[in-house]
Every structure is written in structure tokens, then in C-alpha cells.
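Read through the structure below, which is laid out as C-alpha cells, and then see the notes.
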Amino acid sequence: MRTIFHVDLDAFFVTVEQVLNPDLRGKPVIVGGRPEGRGVVASASYEARKFGVHAAMPLAKAKRLCPRAVFLVGNYHRYVEFSHRFMQILGDYSPSLEPGGLDEAYLDVTGCQDCGSWRTLALKIKERIRKETGMVASVGIAACKVVAKVASDAGKPDGLIEVMPGQERDFLAAMPVNKLPGVGDKTGKVLRSMGIDTIGQLADMQDGLFKSRFGDGMAWLQQHARGIDGSAVEARGEAKSISRETTFEKDTVDTAVLKATLRYFAEKLGAELRDMGRMARTVTLKLRYADFETVSRGFTAREATNLDDAIFQSAMRLLESALGKKYRPVRLIGLEVSNFSGAEMQLSLFNAEIKRLEKLDRAIDMVRDKYGFDAIQTGYTLELKRKYGDKRGKDEKLPPV
Ligand code: TTP
Ligand code: MG
111 MRTIFHVDLD AFFVTVEQVL NPDLRGKPVI VGGRPEGRGV VASASYEARK
161 FGVHAAMPLA KAKRLCPRAV FLVGNYHRYV EFSHRFMQIL GDYSPSLEPG
211 GLDEAYLDVT GCQDCGSWRT LALKIKERIR KETGMVASVG IAACKVVAKV
261 ASDAGKPDGL IEVMPGQERD FLAAMPVNKL PGVGDKTGKV LRSMGIDTIG
311 QLADMQDGLF KSRFGDGMAW LQQHARGIDG SAVEARGEAK SISRETTFEK
361 DTVDTAVLKA TLRYFAEKLG AELRDMGRMA RTVTLKLRYA DFETVSRGFT
411 AREATNLDDA IFQSAMRLLE SALGKKYRPV RLIGLEVSNF SGAEMQLSLF
461 NAEIKRLEKL DRAIDMVRDK YGFDAIQTGY TLELKRKYGD KRGKDEKLPP
511 V
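Taking the numbering used here, I'd label the letters of the sequence shown as residues 111 to 511.
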């Protein structure tokens with residue numbers, strides 16, 4: 111018998127903002143951007159949720175529902191920092207830790223000696239998180255991952271639910287079917303059209319009927335509905351790619367803006383790769399036009415790199431070939447690097463030159479670490495600053511104004 115904790119932070123982005131600025135505590139707070147923007151809610155405080163505000167809702171609608179809410183653009187770097195601290199605390203309780211995102215993780219505590227009851231251990235972890243980071247975590251305890259995850263969600267906010275072995279199916283039965291991880295909008299719709307509204311109904315459905323509709327590949331979903339999940343908690347390997355993208359406040363045909371944005375992304379991705387001690391061979395550009403047509407173009411170099419400039423040059427080539435001769439208004443632009451290898455793998459005829467550039471990039475990283483990303487501007491990012499001044503959001507995930 112295994113014992114698995116699923117730990118998920120409450121209103122994560124918002125709570126970080128509240129820790130950084132205690133004046134925001136107890137207030138309706140929404141992270142996602144300015145309400146007059148085109149973005150969506152990333153995280154809403156529980157005070158804002160009382161008004162019906164939830165994640166993925168357009169900000170304009172959130173503003174209508176909760177006009178008094180404080181709207182924040184957000185600061186992704188801070189969230190990553192708080193996430194590290196959260197994961198580090200969890201890591202003290204078991205080496206078997208599987209992050210499911212920045213603010214959630216599975217922890218297999220089976221065999222944890224001298225822990226007292228699981229409940230006591232969970233309370234201890236919650237207390238440490240609160241004391242050391244100021245954040246509030248909800249915990250679900252169960253013999254398998256899927257039930258632990260549903261339990262952490264069911265207890266929010268500040269939750270702690272332990273599902274006893276043997277009680278899994280009963281625990282899940284009355285919940286709406288979309289509370290089961292893996293049931294998204296599409297599957298939920300199909301299930302409801304078949305008269306399946308609760309997880310219990312899905313569990314009770316005849317295997318043959320389920321398979322005829324969803325195929326063998328989805329059999330796990332029905333097993334999950336029955337509270338059966340044999341999957342192990344696996345310490346996650348590192349990310350396979352990293353990316354940045356932004357939706358422009360206004361669709362743009364201005365290639366200077368597109369180039370400057372790509373330069374900014376290339377610098378961010380280069381710095382992140384150097385931090386990770388990785389290099390990437392593939393650079394992928396994503397463009398979404400005003401009519402929502404989305405194109406992706408990739409380039410895989412013979413050699414991996416972690417240099418801002420090399421990433422940027424690939425991005426520029428991709429941009430030129432994607433735009434062609436026609437000018438179409440662009441709504442969103444994104445850049446991704448993937449196909450990683452270790453930074454020690456670099457083999458190049460131009461090794462000395464690359465080393466020099468790398469040293470330069472590292473020196474820039476150091477200054478930026480100390481004084482902020484804006485401390486050093488290159489010609490390209492200056493273009494961004496010139497166009498948008500300080501009105502631009504600090505977080506590259508959010509749209510420039
Ligand atoms: P969640 O854990 O889904 O949401 P939450 O932590 O804000 O609220 P709670 O867990 O109490 O229900 O997601 C974690 C963070 O991920 C969230 O704070 C913001 C971010 N996020 C997005 O950026 N976009 C999204 O669509 C969602 C759902 C979350
Ligand atoms: Mg959360």
C-alpha cells in the first residue's frame with residue numbers, strides 16, 4: 111500500500127503578490143493583466159472567486175463581475191522563485207517528488223518512518239510552507255495519485271483531506287465528472303451527452319460501452335473514476351523545451367516591433383539556458399495572425415547553442431521566411447528553444463569566438479540578476495522600450511501595452 115500526498119498552493123500567483131505586498135491580503139486580487147487588456151485571468155484570490163471570477167476568464171468579464179478587484183500584471187520570475195522554495199520544502203519529506211507545475215507536486219511518502227499519522231505529517235508540511243514562504247497549501251492524501259489530486263482540490267482553500275484506502279470510489283462518486291483530471295471540455299461534453307454527469311456514473315459504466323465510445327487508449331480514465339491508478343510518482347526529468355510568447359495589445363505589422371520582441375525573447379531564453387547549464391539545437395517561431403491563423407516554423411542547427419545572438423539570428427531567419435512579402439497583422443508572437451544537450455557538449459570551429467560571446471552573455475546575466483533585466487538594453491530591446499516606454503509589462507508572458 112502506497113501513501114501519496116498531492117500538494118497544491120492556493121491562488122498561487124495572487125498569494126505571491128500578497129506576500130510581497132501585505133496590503134493586498136484579504137482583498138479581491140486578480141493576476142493576468144489590466145482589465146482593459148485582452149488577456150485572461152491567470153489567478154484569482156478566493157475573495158474574487160466569490161464574485162464568480164475564475165482562471166481563464168477574459169479580464170474584461172472579471173472586471174464586470176468584480177469591479178473593485180485589484181488587477182495585477184504579474185511577475186513570473188518571482189513565481190518561479192517561490193516555486194523553488196516550495197519544492198525544496200517538499201523535497202525534505204521524500205526524494206520521490208513529482209512537480210506537476212509551478213505550484214503543485216505529488217509526494218510519495220510511503221515508508222516515511224517516524225512520521226506520526228499522515229494527517230500530522232501533512233499539517234507539518236503545510237505549516238512549514240506557511241512559515242517559510244507565506245503561502246497556503248492544500249493537501250490531498252490517498253493511496254494513488256489521481257485520488258490524492260482530486261482530494262487536494264476538493265479541500266481548497268487551506269484544505270487537508272485524507273481518503274482512506276478502500277474509500278476511493280465512494281469519495282469520487284458524487285463529484286461532477288469534470289473534476290476528474292483528464293476530463294477536459296471535450297470529453298466532458300461527450301460524457302454528458304451520454305448522460306454521465308458524475309464520476310460515479312463514469313465508474314459504473316460498462317467497460318464495453320466505454321471502450322466502444324472512447325477506445326482502449328482511454329481505459330485509464332474509467333479506472334481513475336473507480337479510484338484505481340497504479341502510476342508511480344516519478345521525479346520529473348527537466349523540461350524538454352522552454353518558450354516565451356506574447357499577445358500584442360494591438361495587432362501589428364511593424365517588423366521592428368516583431369524583431370525587438372524576438373530579441374527580447376532570445377535574451378530571456380539564452381539566459382535561462384545558461385542558468386540550466388543547457389544548450390539547444392532547435393529554435394521555433396510561432397506567429398498568430400489577426401485572423402487567428404497560427405503558423406510555427408522551426409530551425410534545427412547542426413550545433414547546439416545557448417547564446418542570445420545565435421538564438422536571435424535563427425529567429426530572424428524564421429521570421430523572414432514566415433512573413434514572406436505579404437504584410438499581415440500579427441496578433442501573437444512566440445519563440446521556443448528545444449532539443450537540449452549539456453553545455454559541455456559544444457564543439458565548434460569557432461570555439462574561441464563562442465566562448466568570448468558566452469562570457470559576455472554571462473556578464474550581462476550577472477548584471478541583470480543584480481539590477482533587473484532592464485539594467486542592460488541591447489539595440490533591439492531599446493526599440494521595444496522606445497515604442498512602449500515603461501508602460502510595458504515586466505513579465506514577458508504578458509502583453510506589452
Ligand atoms: P492553479 O493551481 O490551477 O490555480 P491557483 O493556484 O491560482 O488556484 P487554486 O489552486 O487555489 O485553485 O494554477 C497555478 C498557477 O498557474 C496560477 O496561480 C496561475 C497559473 N495559471 C496560469 O497562468 N494560467 C491558467 O490558465 C491557470 C489555470 C493557471
Ligand atoms: Mg494552485
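We put the beta carbon where it would ideally sit given N, CA and C, even for glycine.
Q: Anything with a beta carbon under 5 angstroms from a heavy atom of the ligand MG counts; list them all in chain order.
A: One residue list follows from the rule of a beta carbon closer than 5 angstroms to any heavy atom of the ligand MG, given in chain order as ASP118, LEU119, PHE122, ASP213.
Q: Using 10 angstroms around the beta-carbon of TYR437, count the other beta-carbons present and answer buried if the total reaches 16, otherwise exposed.
A: Taking all protein chains shown into account, TYR437 has fewer than 16 neighbouring C-beta atoms within 10 Å of its C-beta and is therefore exposed.
Q) How many whole angstroms separate the CB atoms of GLU446 and THR394, which I take to be in contact at a CB cut-off of 8 angstroms? A) GLU446 to THR394, Cβ: 4 angstroms. Contact.
Q: Enumerate, from N- to C-terminal direction, the unbroken beta strand (DSSP E) stretches of 3 or more residues contained entirely within the stretch 381–449.
A: Taking only runs of at least 3 residues, the beta strand (DSSP E) segments lying wholly in the stretch 381–449 are 388–399, 404–415.
Q: Indicate the three-state DSSP secondary structure (helix, strand or coil) for ASP317 in the structure shown.
A: Three-state DSSP puts ASP317 in a helix.
Q | Endpoints, the beta strand (DSSP E) within which SER353 is located | A | Bounds of the beta strand (DSSP E) holding SER353 are 351–362.
Q.
What residue range does the beta strand (DSSP E) around SER248 cover?
A. First-last of the beta strand (DSSP E) with SER248: 247–252.
Q: Pick helix, strand or coil for GLU208, following the three-state DSSP scheme.
A: Strand, per DSSP.
Q.
Rounded to whole angstroms, what is the Cα-Cα separation between ILE114 and ARG229?
A. Rounded to the nearest whole angstrom, the CA to CA distance from ILE114 to ARG229 is 12 angstroms.
Q) Would you call GLN316 buried or exposed, if buried means 16 or more other Cβ atoms sit within 10 Å of its Cβ? A) With fewer than 16 Cβ atoms within 10 Å of its Cβ, GLN316 is classed as exposed.
Q. Whose CA, out of LEU312, GLY292, HIS187, lies closest to the CA of LEU301?
A. Sorting LEU312, GLY292, HIS187 by C-alpha distance to the C-alpha of LEU301 places LEU312 at the top.
Q. Does DSSP put GLN456 in a helix, in a strand, or in coil?
A. For GLN456, the predicted model reports a pLDDT of 42, less than 50, meaning its position is unreliable; a value from the coordinates is still stated below. DSSP places GLN456 in the coil class of the three-state scheme, outside both helix and strand.
Q: Report buried or exposed for VAL405, applying the criterion of at least 16 other Cβ atoms within 10 angstroms of its Cβ.
A: Here VAL405 is exposed: its Cβ has fewer than 16 other Cβ atoms, across all protein chains shown, within 10 Å.
**Q.** VAL117 - DSSP class collapsed to helix/strand/coil
**A.** Strand.
(Q) For ALA400 and LYS236, I'd like the C-alpha separation in whole angstroms. (A) Cα-Cα distance, rounded: 45 angstroms.
Q) Who pairs with THR308 in a beta bridge, going by DSSP? A) Bridge partners of THR308: PRO286.
Q.
Could you check whether the Cβ of ALA313 sits closer than 7 angstroms to any heavy atom belonging to the ligand TTP?
A. A distance criterion of 7 angstroms places the beta-carbon of ALA313 beyond contact range of the ligand TTP, judged by its closest non-hydrogen atom.
Q. For ALA215, does the three-state DSSP call read helix, strand or coil?
A. The answer is strand: DSSP assigns ALA215 an E or B state.
Q.
Does the distance between the C-beta of GLY136 and the nearest non-hydrogen atom of the ligand TTP fall short of 7 angstroms?
A. The answer is no for GLY136.
(Q) Going by DSSP, what residue range makes up the alpha helix (DSSP H) through LEU270? (A) Annotation for LEU270: no alpha helix (DSSP H) segment contains it, though the beta strand (DSSP E) segment containing it runs 270–272.
Q) What does a CB cutoff of less than 6 angstroms around VAL257 pick up in its chain, not counting 5 residues either side in sequence? A) Counting only Cβ-Cβ distances below 6 angstroms, and skipping sequence neighbours, we find VAL273, GLU278, GLY337.
Q | Heavy atom of the ligand TTP within 7 angstroms of ALA152 beta-carbon | A | ALA152 Cβ: within cutoff of the ligand TTP.
Q. Is PHE181 helix, strand or coil when you go by DSSP?
A. For PHE181, the three-state secondary structure derived from DSSP is strand.
Q. Using the C-alpha atoms, what's the distance from ALA342 back to VAL150?
A. VAL150 and ALA342 have their C-alpha atoms some 34 angstroms from each other.
Q.
Using a Cβ-Cβ cutoff of less than 7 angstroms, which residues in the same chain neighbour ILE421 once the five nearest sequence positions on both sides are dropped?
A. Cβ neighbours of ILE421 beyond the five flanking positions: ALA376, LEU379, GLY380, VAL393, THR415, VAL447.
Q: Note the first and the last residue of the continuous alpha helix (DSSP H) segment covering VAL293.
A: From DSSP, VAL293 is part of no alpha helix (DSSP H); its letter is neither H nor E.
Q) Based on Cα-Cα distance, which residue from SER424, PHE324, ASP419, ALA411 lies nearest to LYS396? A) If we check each option's Cα against that of LYS396, SER424 comes out closest.
Q. Are the Cβ atoms of LEU428 and ARG407 separated by less than 8 angstroms?
A. With respect to the 8 angstroms criterion, LEU428 and ARG407 are classified as neighbours on the basis of their beta carbons.
Q: Would you decide whether PRO145 is buried or exposed? Buried here means 16 or more other CB atoms lie within 10 Å of its CB.
A: Flag for PRO145 reads buried.
**Q.** C-alpha distance - SER458 paired with GLU403, whole-angstrom precision
**A.** In this prediction, SER458 has a pLDDT of 43, which is less than 50 and means its spatial position is unreliable; what the coordinates show is noted afterwards. Pairing SER458 with GLU403, the inter-Cα distance amounts to about 38 angstroms.
Q. What are the boundary residues of the beta strand (DSSP E) that VAL141 is part of?
A. Residues 139–141.
**Q.** Reference MET389; option with closest CA among SER451, LEU494, TYR481
**A.** The alpha carbon of MET389 has as its nearest neighbour, out of SER451, LEU494, TYR481, the alpha carbon of SER451.
Q. From what residue to what residue does the alpha helix (DSSP H) around ARG174 run?
A. Boundaries of the alpha helix (DSSP H) around ARG174: 169–175.
Q | Straight-line gap, ILE239 to VAL141 (C-alpha atoms, nearest Å) | A | Distance between the alpha carbons of ILE239 and VAL141: 21 angstroms.
Q: Using three-state DSSP, classify PHE123 as helix, strand or coil.
A: Under the three-state reduction of DSSP output, PHE123 falls in the helix class.
(Q) Tell me the DSSP secondary structure of SER451 in three-state form. (A) SER451: strand per DSSP, three-state reduction.
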